[in-house]
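Remarks on the structure that follows.
Numbering (our numbering), first residue to last: 4 to 73.
Quick look at the structure:
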């Protein structure tokens, strides 16, 4: 599992996306868990975790839903 400190936003677009998603979830909506955010955008909390850990690439339609939710 990738910790927040292991992500390097300058290393790849996927790392940047994951670090920004985590930052927004933790600062804009600090009480919003990965599971709760996933429910808002119709994916699992595990999927949100994979995006935040840069192990899964985001899809455009999901990115739009995340923008709206956050």
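Built from N, CA and C at the ideal position, the CB exists for glycine as well. For clarity, every value in this text was computed on a predicted model and none was experimentally measured.
request  = Identify, in the order they occur along the chain, each residue of the same chain with its Cβ nearer than 8 Å to the Cβ of residue 13, setting aside the five sequence neighbours on each side.
outcome  = Hits under 8 Å: 19.
ask   = If residue 65 and residue 31 are in contact, beta carbons under 8 Å, what's the gap, nearest whole angstrom?
value = Separation of the CB atoms of residue 65 and residue 31 is rounded to 17 Å, and the pair is thereby denied contact status at 8 Å.
ask   = Can you tell me whether residue 29 is buried or exposed, with buried defined as 16 or more other CB within 10 angstroms of its CB?
value = Exposed, since its Cβ has fewer than 16 Cβ neighbours within 10 Å.
query = What do you reckon, are the CB atoms on residue 55 and residue 25 nearer than 8 Å?
reply = A contact, by the Cβ cut-off of 8 Å.
key: Residue range of the alpha helix (DSSP H) that includes residue 37   = Segment 37-44, the alpha helix (DSSP H) holding residue 37.
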